[in-house]
Amino acid sequence: MAWTVILEDENKNDIELLEQEFSMVNLNNSEKETFKLLKYLDPYGDTIFNNLQMSDLISDLIYLKGIEQNNELINLIIELAKKCQSDNHCYIAFYGD
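Residue numbers (this note's numbering): 14 to 110.
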């Protein structure tokens, strides 16, 4: 399962779009349950996080980076999350298939 990751404004306009899709294929279900927010990603729908959730999302991504060490996309999502964290009207959207 893969998601398109977009930093959006409050009107759902794209601020920044990652060209590569994000996936967590190397994780089993019990590993996914350890995450605060990433465990809620809907593979077939859309999942949106607001700026108040960014610290938990960043923590999840840092933990995931330890598991998937060669996944440079995680660093890009962390950068999006940091941008979102500083703006009350930004969201990170994970669009599933």
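Even for Gly, the Cβ is constructed at its ideal location relative to N, Cα and C.
Throw me the rounded Cβ distance for the I71 and I87 pair, which I believe falls under 8 Å. At roughly 10 Å, the Cβ-Cβ gap does not stay under 8 Å, so I71 and I87 are not in contact.
Using a 10 Å radius around the Cβ and a threshold of 16 neighbouring Cβ atoms, would you call L30 buried or exposed? exposed
What does DSSP give as the partner residue(s) for S36 in the beta ladder? A15
Does the region 16–34 come into contact with the region 62–78, if we say contact requires no fewer than three beta-carbon pairs (one atom in each stretch) closer than 8 Å? no
Own chain residues within Cβ distance below 8 Å of K45, not counting five before or after: M37, L51 and K52
State the start and end residues of the unbroken alpha helix (DSSP H) segment that holds N88. L86 to Q98
Using C-beta distances below 8 Å, list every residue in its chain close to W16, excluding the 5 sequence neighbours before and after it, in chain order. E34, F35, S36, L54, P56, T60, F107, Y108 and G109
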